[in-house]
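A.B. asks: Protein chains in written order, with the numbering used here: chain A, 146 to 641; chain B, 56 to 759; chain C, 5 to 106.
Got a structure for you, written out below as structure tokens; questions coming shortly.
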Amino acid sequence: MGYLSWIIAAPFIAALTIMALPRRWAWSIRLVAAAASGITLVLSLFVFFGYDWRAGGFQFVESYEWIPALGIRLRLGVDGISAPMVLLTGIVIFTGSLISFKIRDRTKEYYALLLVLVSGVFGVFESLDVFFLFFAYEIAVLPMYLLIAVWGSTRKEYAAMKLTVMLVAGSVLVWIGILALYVQTGASQAGISSFDIEALTNPRVQQLFPRTFQLVFFPLLFIGFGVLAAMWPFHTWSPDGHVAAPTAVSMLHAGVLMKLGAYGCIRLAVGVLPEGAQAWAPLFLAFGAVASLYGAFSAMAQRDLKFVIGYSSVSHMGYVIIGICTLSLVGLSGAVFQMFAHGIMTALFFALVGAIYDQAHTREIGIFSGLARTLPWFVGFFAIAGLASLGLPGLAGFIAELLIFLGTFQTYPLVGVLAVVAVAVTATYILRLMARAFFGPFNPRWSGLHDVLPNEWVAAAILVVTLIAAGVYPAPFLSMIDSSSAPIIERVGGVR
Amino acid sequence: MEYAWLAPVLCAGAFFFNVIISRQTPWKHRLSALVSIAAILGAFGVFLVVFSDALANLLGTAAAHGAAAAVDDRSRHLLFDDEPWFQVGRYAFQATLVVDWLSVMMLGVVSFLSALIQVYSIGYMRGDNRFWWFFSVMSLFSAAMLGLVLAGNFLLLYVFWELVGLCSFLLIGFWYQERDNAEAAKKAFVTTRIGDVGLFIGLALLFLQTGTFQMNEIFDAIAAGRIEPWVVTTAGILVFLGAVGKSGQFPLHVWLPDAMAGPTPVSALIHSATMVAAGVYLVGRAFPLFAASDVAMGFIATIGTITAIFAATIALTQRDIKKILAYSTISQLGYMIMALGVGAYTAGLFHMFTHAFFKALLFLCAGSVIHSMEPVLHGTGKSPNDVFWMGGLRRRMPVTFWTFVIASVSLAGIFPLSGFWSKDAILAGALAEGAWVPFIVGVVTAFLTAFYMFRAIYLTFFGEERWRFAAAVPPHAGLLVVAPTAASVPAAAGAMDVQTRRPGEDVPAHLEPEVRPALEEHAVPGHHAEPHESPWVMALPLVIIAIPAAIAGWIGIPGLFDPFAEAIRFGPAHEEALSPVVASVSVLVALAGIGLATVMYWRPIIRPDAIADSVPGAYRTLYNKYYFDEAYQWLINRVVLALAALAATIDRKVINNGIVDTPAGLTGAAGERLRYLETGRVYQYAFAFIVGIVLIGLIIVLFP
Amino acid sequence: MVPLEHVLVFSAILFSIGLYGVMARRSAVLILIAIELMLNAVAVNLVAFAAYVDPQQFSGMVFAVFVITIAAAELGLGLAIVLRVYRMRTSVNVDDLDMMRW
């Protein structure tokens, strides 16, 4: 087994171990979870830094027989798009495990589900086989229901059900699309039905997808995955889900799961059906543009901290959709980098909101005032997340948005203008939030609140350092992303 | 010269050192101040090295190639250092460092003023429990500004541009416990951000045309005509919007006066060398872009002209000493932008150079005054910034007084102080370009400038010691036209309230004898703090800055000694001798302004309230700053927040409840109806099976 | 050899009797017996087709064996449930067992 299979296996084995531990050993359970996610983080760092972008293509490839009769193999590998995603997942699950130390209710089941979910996420990012990708995708989506419905808050049953139903509906579309691809590859005379992603993008196989076929199945795949990427107007599960979910689940969900959707859009929809992408991109681009502005405005009207961040995620994922749909190299690279940057930033947001909610038992922005005086670390970390969100240079979000905007200006200048305006709106609501809740006269009601705990501090510091490092020196990310975006753009015939 | 990058890096290093290490130590306040000041002094050292290198380079080229060659070389870069930053596809994004005379000048101004202001802050911020944080952010601020002036790539410039905005946000909101300060900080950031939208789109347009953010390549492309004219014009106007936001130009000026909420050293820094200078610097830096489009230049000149006179009129009526200075800054920035817009490149930047010194000095003096007024007015509910409650400070604060006067005279443009030379250069430039409207506006503004500065001087340093009876007057504020005097302030028992006195009413003469003793009695109850000169850490920087504030202009004496115009210019140098007509007009006008202030506020021959009474509407409009804040507030409440509420409502009501929850509800309702099919009778189920099988069989048979 | 048709008719009669039993009876035990009849009819069918149509192959027989096995398992489970129901309700009349409807 190589790095990649261990990355998938480690959380899964940890989940099994945790199930075997007695319920009352809560601290051993936490430590096993933290250790396992720490191991995956180290492994994903190895993968990230071990990826040779000059060589490009899929690396660390592993291949195992699975269901040979149906042409299903368990093939793993990462390219320049999935390597940053693997790193992102490693960082978020490690920090998420740290943050979750305070979960007291059914600790064992909580960690087991969380780790199984993460195994699924890694499976999606690492899979080179569409069948396994879908398999892992479902593993990543379904535990979410239990995690929200059992450990959540604020209309948790409603949110959990809505989230699950919408995501499953999306995955039905995806499944139809995947089967269509599979059947279509078998339709030619010498063709063997295949789930292999590399085979599907092979020029000879690509000829098997006629234009009508692409036009019909591209939207199925794109919308199907787009639901998970909170693409407007299929986004409403996302604010509710984020609000209801417990802290670490929100982190994983907004930080990583939404990226699964965008990743699927890039890898399968745009990557395999280029003609469909050309035809449909303007529509989805419009969706993305609407989402970015509309999400920002909606965030401005919210009173609940988590809703603000939830809508801000809708807005930021709107940029990702825009970036993908520009079908330009710069835009697509920006979209992938934005997936990474937003994942880190939003994980930081949710970690901090959780830290305050657990003490204050409210997330109403208007109730807080002057927190900067007593919670300097909390406010400092939150401010960095906020500044990353409004695209401050020096933090990762800026580079990502810059590239997305440049890509948009290359293809649809007017949409680019709208997107830049959305950034100004973002600045407004982030600063309004901070000025309201953190500045102003100190409200003695909150004198009992303590600053971030050591485990939360470590988690937040990891995320902040990542944001700054990726913002100041994005070159490693971008050369990697670039090397793997280029073939996709080449197939689509987009702006290079 | 190769080490110019050290200047921003030193300051940024100081920031990170303070935030990560200093704050953990028990003597964090001292250590962070020490580190920050050491770093900025280091940056000043870097400037000195760079400057001497540049000078040597200049003299060297002159010696080697003769005067003619040197003239061409001087306008080029002294250093061009191009480091790859990141790359996407065929686009490379570089971190480019450029040193030319413009950046050398800015490097000097920023590091010099920043260093002195930080020294001054040791005294001003003493005892603040976030002293260390103040110095840390000041370091980051300096770092961002130094990086900005060295950037040779528009993207890099934009990076530092935003960081400057961030630091000003942090510093304006330094005393965030006051709700107003937090609001002011937010306003500054958001308003400048609106301008930045334009800047970013403009830069993106240029990028699309040239595929690069490198300034020299973009300028070359413009010069070679490789960019379509309409793009140059559009991009020029959009890029200028960034400067409008940062430099507080009309109509995005509203953040600047509110930015006074920050500690006064911050105001000094923001208003002289950093934040607002960044906008003017950008116009200077990207001048080849603007110069290529007459429309863009006209736009710039118009905005600058409007701003210059508009802000000067507001400054006439303000009572807060820092706001007077703030509007003065806006007006002077308008002056610079106007000069650049009419094509007087050197004059505009020269004014930025001289203005930085005397405006920094004015703010530091104001800070010194406020610092000493604070304990005096403490507990009276009066703002220590209010000039109406000052007065007579001349003898109590002599250093502050004299430096303030030097700076004011310089700002008013009286020969031979530095402001005279730069203002004269602008007026002469406008005239030379045939721009009559800017010229006339410039002259009128010069008059207004001299007037409001001397109004501030007389109210602050001359006349009665009005702070003595501040406590006797109830704190609620009415519209006060004229500073209270002992004669007009009633006893606490109050025959009438000066605060609510309407223009035109006077204190009844017969009351005066009764009022006086009551005043003496009520004067400053409870404590006997009196204004006093500030400690030497504050006074010394005043004296040091007073020197360049007075004489910095002497490096731009046309026809006599004008190295500034030699070094910083656009296109070929053209020698212009001092025009005696323009010079005498500007000085006479300034003297007239001073004279008017004298007869109104020192020797009250003309009563200010009489003037205000004659035009009450105009007075109110000016006092309320043309109601711009109100208009924007209305826009935010009624448009932006309404849009936000609309989006949120649509999301909940239409998309969530309509598109998402309705199908879910329909599914539930269908189940509600259909569940009665479950009768619980097994044989009925079996019967349904059979019917189904028969039907399917029939279909198969009938439609093979 | 008996013609195929005879066997099929026999199987159809058997199936119909079972079907009638399922529909007409109220006793759970009798319904189970009727279901057994139907299953056996299917098994007879399978064996008949296997023997007549494709004697070389045994797939029909194998299916029949599967059917018998499953029938046994099903009967075991079914009777167990009926027994539990009888314990609870003292009746095996399926008309009484409607607490799960709606």
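C-beta atoms are modelled at their ideal positions from N, C-alpha and C, and glycine is treated no differently.
This structure is a prediction, so every number in the text was calculated from the model and none was measured.
List, in chain order, every chain A residue whose beta-carbon is nearer than 7 Å to that of N711 of chain B.
C.D. replies: Result: T381.
A.B. asks: According to DSSP, what are the bridge partners of F148 of chain B?
C.D. replies: DSSP, once it has assigned bridges, lists B:F141 as partnering F148 of chain B.
A.B. asks: Identify whether N784 of chain B lies in helix, strand or coil by the three-state DSSP scheme.
C.D. replies: Residue 784 of chain B lies beyond the residue range present for chain B, which begins at 56 and ends at 759; the question has no answer from this structure.
A.B. asks: F554 of chain A CB to nearest chain B CB: under 8 Å?
C.D. replies: By this cut-off, F554 of chain A is an interface position.
A.B. asks: Which two residues bound the contiguous alpha helix (DSSP H) that contains F705 of chain A?
C.D. replies: Lying before the first or after the last residue shown, residue 705 of chain A is absent from chain A, which here runs from 146 to 641.
A.B. asks: Could you give the distance in angstroms between the alpha-carbon of M490 of chain A and the alpha-carbon of D250 of chain A?
C.D. replies: Cα to Cα, M490 of chain A sits roughly 27 Å from D250 of chain A.
A.B. asks: Anything in chain C within Cβ reach of F742 of chain B, meaning under 7 Å, just list it in chain order.
C.D. replies: What F742 of chain B touches in chain C: M27.
A.B. asks: Tell me the DSSP bridge mates of E509 of chain A?
C.D. replies: Paired residue(s): A:D449.
A.B. asks: Find the nearest neighbour of L353 of chain A within the set A:P364, A:L365, A:S339 and A:L366, judged by alpha-carbon distance.
C.D. replies: Taking only the C-alpha atoms, the option nearest L353 of chain A is A:S339.
A.B. asks: Between L308 of chain A and W382 of chain A, is the Cβ-Cβ spacing less than 8 Å?
C.D. replies: Result yes, Cβ atoms of L308 of chain A and W382 of chain A sit closer than 8 Å.
A.B. asks: Rounded C-beta distance between L162 of chain B and D136 of chain B? I'm assuming under 8 Å.
C.D. replies: So it is not a contact: roughly 15 Å between Cβ atoms.
A.B. asks: How would you write the range of the beta strand (DSSP E) that G222 of chain A sits in, first residue to last?
C.D. replies: Where G222 of chain A is concerned, the enclosing beta strand (DSSP E) stretches over I217 to V223.
A.B. asks: Within 10 angstroms of the Cβ of R581 of chain A, are there 16 or more other Cβ atoms? Answer buried if so, exposed if not.
C.D. replies: Flag for R581 of chain A reads buried.
A.B. asks: Can you list, in chain order, the residues of its chain whose CB lies under 7 Å from that of K478 of chain B, leaving out five sequence neighbours each side?
C.D. replies: Within the same chain, K478 of chain B has close Cβ partners H406, G468, A501 and S641.
A.B. asks: Please compile the residues from chain A whose C-beta is within a distance smaller than 7 Å of the C-beta of R248 of chain B.
C.D. replies: Neighbours of R248 of chain B on chain A, chain order: A569 and A572.
A.B. asks: Consider the Cβ of V746 of chain B: report whether some Cβ of chain C lies at a distance smaller than 8 Å.
C.D. replies: So no, V746 of chain B is outside the interface.
A.B. asks: Give a yes or no on contact between the region 463-482 of chain A and the region 427-442 of chain A, applying the rule of three or more CB pairs nearer than 8 Å.
C.D. replies: Yes, the region 463-482 of chain A touches the region 427-442 of chain A.
A.B. asks: Would you tell me roughly how many angstroms separate the C-alpha atoms of P364 of chain A and M65 of chain C, rounded to the nearest one?
C.D. replies: So the alpha carbons of these two residues sit roughly 48 Å apart.
A.B. asks: Please report how far the alpha carbon of L448 of chain B lies from the alpha carbon of Q269 of chain B, in whole angstroms.
C.D. replies: Roughly 53 Å separates the two Cα atoms.
A.B. asks: Any idea what DSSP makes of S463 of chain B, helix, strand or coil?
C.D. replies: It is helical.
A.B. asks: Ignoring anything shorter than 4 residues, give me the alpha helix (DSSP H) runs that lie fully in the region 419-505 of chain A, in order along the chain.
C.D. replies: Segments of the alpha helix (DSSP H) lying fully in the region 419-505 of chain A: 419-446, 450-470 and 474-505.
A.B. asks: Along the alpha helix (DSSP H) that carries G752 of chain B, what are the first and last residues, could you check?
C.D. replies: Looking at the DSSP string, the run of the alpha helix (DSSP H) that includes G752 of chain B is V737 to L757.
A.B. asks: What separation, rounded to the nearest whole angstrom, lies between the Cα atoms of D127 of chain B and E621 of chain B?
C.D. replies: Confidence at D127 of chain B is low in this model, with a pLDDT of 46, below 50, so its placement is unreliable and the value that follows should be read with caution. Using only the alpha carbons, I get a separation of about 11 Å.
A.B. asks: Got a sec: is the Cβ-Cβ distance from V565 of chain A to anything in chain B below 8 Å?
C.D. replies: Closer than 8 Å to some Cβ of chain B, the Cβ of V565 of chain A qualifies, so yes.
A.B. asks: How big is the Cα-Cα spacing for V209 of chain B and A276 of chain B?
C.D. replies: First, the residue type needs correcting, since residue 209 of chain B is Phe and not Val in the sequence shown. Cα-Cα distance, rounded: 15 Å.
A.B. asks: Could you name the residues of the region 81-94 of chain C whose beta carbon sits closer than 9 Å to any beta carbon of chain B, in the order they occur along the chain?
C.D. replies: Under the 9 Å Cβ criterion, the region 81-94 of chain C contributes no residue.
A.B. asks: What does R736 of chain B touch in chain C if you count any residue whose Cβ is under 9 Å from its own?
C.D. replies: Within 9 Å Cβ-Cβ: V98, D99, D102 and R105.
A.B. asks: H410 of chain B lies in the alpha helix (DSSP H); which residues open and close that run?
C.D. replies: Its alpha helix (DSSP H) spans residues Y400 to L432.
A.B. asks: Is the shortest distance between the beta-carbon of A290 of chain B and the beta-carbons of chain A less than 8 Å?
C.D. replies: A290 of chain B does not count as touching chain A.
A.B. asks: The alpha helix (DSSP H) with E78 of chain C in it runs from where to where?
C.D. replies: First-last of the alpha helix (DSSP H) with E78 of chain C: S63 to R93.
A.B. asks: Check the Cβ-Cβ distances between W82 of chain B and every residue of chain A, and say whether any is below 8 Å.
C.D. replies: Answer no: the Cβ-Cβ gap between W82 of chain B and chain A never drops below 8 Å.
A.B. asks: Between the Cα of H410 of chain B and the Cα atoms of B:I369, B:K437 and B:S473, which residue gives the shortest distance?
C.D. replies: The candidate whose alpha carbon is nearest that of H410 of chain B is B:S473.
A.B. asks: Using a Cβ-Cβ cut-off of less than 9 Å, give me the residues of the region 391-414 of chain A that come near chain B, in sequence order.
C.D. replies: Hits within the stretch: zero.
A.B. asks: Could you tell me which residues DSSP puts in a beta bridge with D441 of chain B?
C.D. replies: D441 of chain B is bridged to B:D375.
A.B. asks: Tell me the rounded alpha-carbon separation between V104 of chain B and P618 of chain B.
C.D. replies: Going from the Cα of V104 of chain B to the Cα of P618 of chain B covers about 19 Å.
A.B. asks: Using Cβ-Cβ distances below 8 Å, what residues of the region 268-285 of chain A are close to chain B?
C.D. replies: Listed by position, the residues of the region 268-285 of chain A near chain B (Cβ gap below 8 Å) amount to none.
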